[in-house]
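For the sequence shown, position 43 (counting from the first letter as 1) is numbered 43 according to full-length UniProt numbering, and the numbering increases by one without interruption.
Think of the CB as a built atom: it goes at the ideal place given N, C-alpha and C, for glycine as much as any other residue.
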Amino acid sequence: MTIAVIDRGVGIDAEDLTRAFERFYRTRYAHDNAIQGVGLGLWLVKTIAEAHGGTITATSTPGEGSTFTLTLPVPSAGHDTEAKAPP
Numbered sequence: 001m002t003i004a005v006i007d008r009g010v011g012i013d014a015e016d017l018t019r020a021f022e023r024f025y026r027t028r029y030a031h032d033n034a035i036q037g038v039g040l041g042l043w044l045v046k047t048i049a050e051a052h053g054g055t056i057t058a059t060s061t062p063g064e065g066s067t068f069t070l071t072l073p074v075p076s077a078g079h080d081t082e083a084k085a086p087p
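As structure tokens, this is what we get:
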């Protein structure tokens, strides 16, 4: 399953984009414009996606916006997806 989130915001510079999923990373734009946050959101999404066997990627054009694409595996038909209690 793939989910794409697209925005038409300020975009992210290429240098910042390579670090966007690092824990506590905030762009220079965020610092310079006093945008609140601690730099955990994208790191958290990446951590959860990877825990489920998925990926998150980003593309961006400064001045035009960004696209974040989350891809998660889909269990095959008949696959038991319910959690089972330990014996």
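Same chain, Cβ closer than 6 Å to residue i, neighbours up to 5 away in sequence not counted
{"i": "SER60", "result": "GLY11, ILE12, LEU17 and SER66"}
{"i": "PHE24", "result": "GLY39"}
{"i": "GLY9", "result": "GLY65"}
Closest by C-alpha distance to residue i, when choosing among the options
{"i": "THR69", "options": "ALA34, THR27 and LYS46", "result": "LYS46"}
{"i": "ARG26", "options": "VAL38, ALA58 and GLY9", "result": "VAL38"}
Supposed contact pair residue j and residue i - C-beta distance, whole angstroms, cut 8 Å
{"i": "GLY53", "j": "PRO75", "result": "That pair is no contact at about 10 Å."}
Sequence-distant residues of the same chain with beta carbon closer than 7 Å to residue i, five excluded per side
{"i": "GLU22", "result": "TRP43"}
{"i": "ALA20", "result": "ILE12, LEU42 and ALA58"}
field: Complete runs of the beta strand (DSSP E) confined to the UniProt domain "Histidine kinase" (1-76) [at least 3 residues]
entry: Counting whole runs of 3 or more residues, the UniProt domain "Histidine kinase" (1-76) contains the beta strand (DSSP E) stretches 2-7, 55-61 and 65-71.
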